[in-house]
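**Student:** The numbering of the sequence shown is our numbering, which starts it at 16 and goes up by one.
Don't be surprised by glycine CBs; every beta carbon is placed ideally from N, CA and C.
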Amino acid sequence: MQAASTLSLPRVLVAAGGLYTAQSTIGGLTFLGLPAALRASGMAMEHIGLLSLIMLIWAFKFLWAVPVERWRIRADGGRRTGFTVLAGQLVAAAAVAGLGLLAGYGLPVMLVLLAVMAFASATIDTACDGFLIERVPEGRRGLGNMVQVGGGYLGMVLGGSLFVWIYAGSGWTVAAGVMAALVLLLSAPLALLREPPIAASRRERGGLLAALRRRDMQAGLAMIVAFEAGGRFVQVLAGPYLVDAGLPLELVGTLTGAGSVAAGLAGTTGGGLAVQKLGGPRAMQLVALGQILVIGLLALAAAMSSASLTLLSALFVLQMAVMAAGFVVSYSRLMALASPDQPGADFSLVQSASALTGAVAGFSGGMLAGQFGFPVVFALAAALALPVPFILARLEGAISGKSSS
Numbered sequence: 016m017q018a019a020s021t022l023s024l025p026r027v028l029v030a031a032g033g034l035y036t037a038q039s040t041i042g043g044l045t046f047l048g049l050p051a052a053l054r055a056s057g058m059a060m061e062h063i064g065l066l067s068l069i070m071l072i073w074a075f076k077f078l079w080a081v082p083v084e085r086w087r088i089r090a091d092g093g094r095r096t097g098f099t100v101l102a103g104q105l106v107a108a109a110a111v112a113g114l115g116l117l118a119g120y121g122l123p124v125m126l127v128l129l130a131v132m133a134f135a136s137a138t139i140d141t142a143c144d145g146f147l148i149e150r151v152p153e154g155r156r157g158l159g160n161m162v163q164v165g166g167g168y169l170g171m172v173l174g175g176s177l178f179v180w181i182y183a184g185s186g187w188t189v190a191a192g193v194m195a196a197l198v199l200l201l202s203a204p205l206a207l208l209r210e211p212p213i214a215a216s217r218r219e220r221g222g223l224l225a226a227l228r229r230r231d232m233q234a235g236l237a238m239i240v241a242f243e244a245g246g247r248f249v250q251v252l253a254g255p256y257l258v259d260a261g262l263p264l265e266l267v268g269t270l271t272g273a274g275s276v277a278a279g280l281a282g283t284t285g286g287g288l289a290v291q292k293l294g295g296p297r298a299m300q301l302v303a304l305g306q307i308l309v310i311g312l313l314a315l316a317a318a319m320s321s322a323s324l325t326l327l328s329a330l331f332v333l334q335m336a337v338m339a340a341g342f343v344v345s346y347s348r349l350m351a352l353a354s355p356d357q358p359g360a361d362f363s364l365v366q367s368a369s370a371l372t373g374a375v376a377g378f379s380g381g382m383l384a385g386q387f388g389f390p391v392v393f394a395l396a397a398a399l400a401l402p403v404p405f406i407l408a409r410l411e412g413a414i415s416g417k418s419s420s
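What follows is the structure in structure tokens.
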């Protein structure tokens, strides 16, 4: 693929960063803002828990990613990224606005609107990932992944905290309307962008099965699962563990909210700089070593009854930063494996593997913590993190035909 990009890199990064922030605003609204608002209105937790099922739409977006990319990439080398984004975000924004306008119709209508919103958002994700892979030179991809992950953290603040704040002061309709307007506003730079065509090589539309048969893609999927597994166990148990350890609920909320965003943005910056200086493979090795250190210290502190809450809180925040850096370096490395014929579709496999890893770790981590206690699960997370540098080195050897930077 020859990226005939007359688009400047800053323009590409602003457009992609705005869209990723809009996408994460939808996610933050679904999984943070709405649950808090619904609970405040008296809804039972059993009903609120149904919102988590919406995550399955994002997890399985690879199922329709190939048709999205075939539509986005024209046979003459032109691109329909802007049209895809505009159409999808109009649907998503209408669904968000509908949450306010149809609030009195109950949970079933809300779930339908959230499902429509998630489907549109997941579809746009595929198009934007393809855009980022095509338009950011491989040697500068760390910058692209910085805006990808950083936009994700900023969007969580908008969809989670800002929505709740507006809802508390002005009600459902106004809060949902503001969120819908933000989604459209943040998407505008990419939706209205005119992309120059890319000189296309011979198109090979093999679909996802062809991608899964490729040795480099198999190695890449194994990489993301091994790389994230240990950290995902820690991520899901941070809040419950600190509550059980005696940290006041207000401080837990601050730590997992503002603390998570601050740590995430710091880790995003560090991860992007590591990719720029070291390249993708070595940056992944560096972050993997950081995970061994932080998760190991956390497991040790959790096993010691004398460990202070300050130390435990600091270690959790540090792990949040390491995880954010991990998203940047792993996405940068694995984007290099995407086929030029369907880059967004190929990368959807990576993101789906990441989401499913998080889901499995979240479910099994909670079950194991209930049966055996938090220290055992943190020790398991440390054990999973320990061999990751070796696993990454072996898998790099299995990757062929792609640049390793």
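Determine the closest residue to G42 out of L158, P25 and A107, with distance taken between C-alpha atoms.
**Tutor:** The shortest Cα separation from G42 among L158, P25 and A107 belongs to A107.
**Student:** Excluding the 5 residues flanking K417 on each side, which residues of the same chain have their C-beta closer than 6 Å to its C-beta?
**Tutor:** With a pLDDT of only 48 at K417, under 50, the local geometry of the prediction cannot be trusted, and the value read off the model is given with reservation. Closer than 6 Å at Cβ, skipping near neighbours: D231, A351 and L352.
**Student:** Would W73 be called buried (16 or more neighbouring beta carbons within 10 Å of its own) or exposed?
**Tutor:** Buried, because 16 or more other Cβ atoms sit within 10 Å of the Cβ of W73.
**Student:** Would DSSP call I310 helix, strand or coil?
**Tutor:** Helix, per DSSP.
**Student:** Whose C-alpha, out of A400, H62 and I213, is nearest the C-alpha of G92?
**Tutor:** It is I213.
**Student:** Quick one: using the 10 Å Cβ neighbour count with 16 as the cut-off for buried, is F387 buried or exposed?
**Tutor:** Exposed.
**Student:** Is the beta carbon of L208 less than 8 Å from the beta carbon of A30?
**Tutor:** Result yes, Cβ atoms of L208 and A30 sit closer than 8 Å.
**Student:** Run the CB neighbour count on G159, radius 10 Å, all protein chains shown included, and call it buried at 16 or more, exposed below.
**Tutor:** The residue is buried, with at least 16 neighbouring Cβ atoms inside 10 Å.
**Student:** Whole angstroms is fine: what's the gap from I148's alpha carbon to G359's?
**Tutor:** In a straight line, the C-alpha of I148 is about 8 Å away from that of G359.
**Student:** Go ahead and pull the three-state DSSP assignment for L34.
**Tutor:** The answer is helix: DSSP assigns L34 an H, G or I state.
**Student:** Tell me which same chain residues have a C-beta within less than 8 Å of the C-beta of V267, skipping the five on either side of it?
**Tutor:** Same-chain partners within the cutoff: G254, L257 and V258.
**Student:** M338 to A281, Cα distance in whole Å?
**Tutor:** In a straight line, the C-alpha of M338 is about 11 Å away from that of A281.
**Student:** Taking 8 Å as the threshold (C-beta atoms), are A234 and T372 in contact?
**Tutor:** No; because the gap between Cβ atoms is not below 8 Å, this pair is not in contact.
**Student:** Would Q291 and G341 be called neighbours here (beta carbons separated by less than 8 Å)?
**Tutor:** Not closer than 8 Å, so no.
**Student:** Compare the C-alpha of G222 against each of L304, G295 and Q357 and name the closest.
**Tutor:** Nearest of L304, G295 and Q357 to G222, Cα basis: Q357.
**Student:** Which residues bound the alpha helix (DSSP H) around F2?
**Tutor:** Residue coverage of the chain in this structure runs from 16 to 420, which leaves residue 2 outside it and unanswerable.
**Student:** What did DSSP end up calling I88 once you bin it into helix, strand or coil?
**Tutor:** Residue state, collapsed to three classes: strand.
**Student:** Helix, strand or coil, according to DSSP, for A195 in the structure here?
**Tutor:** If DSSP states are grouped into helix, strand and coil, A195 belongs with the helices.
**Student:** Quick one: residues in its chain with C-beta nearer than 6 Å to the C-beta of L313, no 5 flanking neighbours on either side, listed in chain order?
**Tutor:** Excluding positions up to five away in sequence, the list reads L330 and F393.
**Student:** Counting only the same chain and skipping the five closest in sequence on each side, list residues whose C-beta sits under 7 Å from that of Q300.
**Tutor:** Result list for Q300: P404 and L407, in chain order.
**Student:** Could you tell me whether the region 158 to 177 touches the region 46 to 59, using the rule of 3 or more Cβ pairs below 8 Å?
**Tutor:** Segments in contact, yes.
**Student:** Check whether the region 76 to 89 touches the region 133 to 142, counting contact only when three or more Cβ pairs, one atom from each stretch, lie closer than 8 Å.
**Tutor:** Touching, yes, given that three or more Cβ pairs across the two stretches are closer than 8 Å.
**Student:** Would you be able to state if there are at least three C-beta pairs under 8 Å between the region 94 to 104 and the region 375 to 384?
**Tutor:** The region 375 to 384 vs the region 94 to 104: no contact.
**Student:** Rounded to whole angstroms, what's the CA-CA distance from P355 to R26? Just pull it up for me.
**Tutor:** Their backbone Cα atoms lie some 21 Å apart in a straight line.
**Student:** Taking only three categories from DSSP, how would you classify Q17?
**Tutor:** Confidence is the limiting factor: at Q17 the pLDDT is only 41, short of 50, which leaves the residue's position unreliable and the question unanswerable from this model.
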